[in-house]
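Colleague: There's a structure below that I have some questions on.
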Amino acid sequence: MALFGNAHTVDPAKAERDYARLLGQGEQVHAAYLLIRDTILFTDRRLILIDKQGITGKKVEYHSVPYRSITHFSVETAGHFDLDAELKIWISGTAAPIEKTFTKGVDIYEVQAILTQFVAR
Numbered sequence: 057m058a059l060f061g062n063a064h065t066v067d068p069a070k071a072e073r074d075y076a077r078l079l080g081q082g083e084q085v086h087a088a089y090l091l092i093r094d095t096i097l098f099t100d101r102r103l104i105l106i107d108k109q110g111i112t113g114k115k116v117e118y119h120s121v122p123y124r125s126i127t128h129f130s131v132e133t134a135g136h137f138d139l140d141a142e143l144k145i146w147i148s149g150t151a152a153p154i155e156k157t158f159t160k161g162v163d164i165y166e167v168q169a170i171l172t173q174f175v176a177r
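Take 57 as the starting number for the sequence shown in my numbering and just add one per residue.
This is the structure we're talking about:
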């Protein structure tokens, strides 16, 4: 389904098993989303952005963003003609935001609520 743009949630326990090598001792995944080829993990400590690159997707870039470094974020909902929702996250010390696009398979309000929970600590 992901190849056709249907982003979806991933079971946090499965994501925790799949990405165990990225997690610190005792770190837990609270939510995970698959966005075409990329994955976003919300852990109890940080946001992890997993960006598969190239045609084969064998090359992978991992971004680890501590919640305390997020200065603000915005959510743009899908519309009638633009069916994708967008999440923008600004990190302290950088001018341009990190941008992720969510297709209709993900509730962008849920993503925003999860991010708010961790950033507002």
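Glycine included, each C-beta is placed from N, C-alpha and C at the ideal position.
Smallest Cα separation from T133: which of G82, I106, I164, K144?
Modeller: In terms of Cα proximity to T133, the closest of G82, I106, I164, K144 is I164.
Colleague: Determine whether the beta carbon atoms of T65 and E83 lie at a separation below 7 Å.
Modeller: no
Colleague: Helix, strand or coil for Q173, going by three-state DSSP, please let me know.
Modeller: helix
Colleague: Should the segment 118-132 be called in touch with the segment 143-163, which here means at least 3 C-beta pairs below 8 Å?
Modeller: yes
Colleague: Tell me which residue opens and which closes the alpha helix (DSSP H) that P68 is part of.
Modeller: Unbroken alpha helix (DSSP H) run through P68: 68-74.
Colleague: Tell me the start and end of each unbroken beta strand (DSSP E) in the segment 94-129 that is at least 3 residues and wholly inside, in chain order.
Modeller: 94-99, 102-109, 115-122
Colleague: Helix, strand or coil for V162, going by three-state DSSP, please let me know.
Modeller: coil
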